[in-house]
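Structure first, commentary second.
Here it is, written out as structure tokens:
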């Protein structure tokens, strides 16, 4: 079993749609959770950290369910510029430094 | 631009050659990481430094790989006797670690193709 699992997609949605991505992780000791965005042939960029209470940043909402070891990302009012691969990231157990990346979920937003 | 920079951005080499990549972290970031990313996968941790000390190496990092951060600023990653399986994007990231909190910021990567 992969340490961080994501649906690879692609998710193909029209502009304005709401789309949700899910991610599961295997290490119950993980303490830090993130969503990174990666455009084609570019480096990953931090989209948002994920907190236990859930957090929102504009059109983006992240949720964490520690009991189920599940992380989600909701994008509302999708824009063409949201087209990218979204990487779910957790730290490895008690170590703050070692990040474990999922393989990513690809999003395509069409006009 | 005060972000993480990497050089070169692209490298094509023949199997068996040695290659060296450089990473310049964000100024004053005390941690520096190297990752490798292949097509369709997320980045995989290779090694990291806190200041000049290399604190962990992944088992992915064979003896042909060596990394240094001699003055606690820039870092180099060398691959000796390259193999076709080394073809990948090599990403560097840096962070300012304080009290257990950090966010890693990535450079643009060096894309390596071994022929």
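Residue numbers (the working numbering), protein chains in the order written: chain A, 105 to 215; chain B, 3 to 117.
The C-beta atom is built at its ideal place from N, Cα and C for all residues, glycine as well.
Because the structure is a prediction, the values reported are computed rather than measured.
Check, Outcome
"Cut-off 8 Å between Cβ atoms - residues of its own chain near residue 172 of chain A, not counting five sequence neighbours on either side", "128"
"Counted within 10 angstroms of its Cβ, other Cβ atoms place residue 112 of chain B as buried (16 or more) or exposed", "buried"
"Bridge-paired residues (DSSP) for residue 190 of chain A", "A:141, A:209"
"Under the three-state DSSP convention, the category residue 114 of chain B falls into", "strand"
"DSSP bridge partner residues for residue 153 of chain A (one or two, in chain order)", "A:138"
"Close Cβ partners of residue 41 of chain B (< 8 Å) along its chain, the five nearest in sequence each way excluded", "none"
"Within 7 Å of chain B by C-beta, residues of the region 182–209 of chain A in sequence order", "191, 200, 201, 202, 203, 205, 206, 207, 208"
"Within chain A, the residues that residue 47 of chain B reaches when beta carbons sit closer than 7 Å", "202, 203"
"Collapsed DSSP secondary structure at residue 185 of chain A in the structure displayed", "helix"
"Short-range partners of chain A found in the region 69–91 of chain B, where Cβ spacing is below 9 Å", "91"
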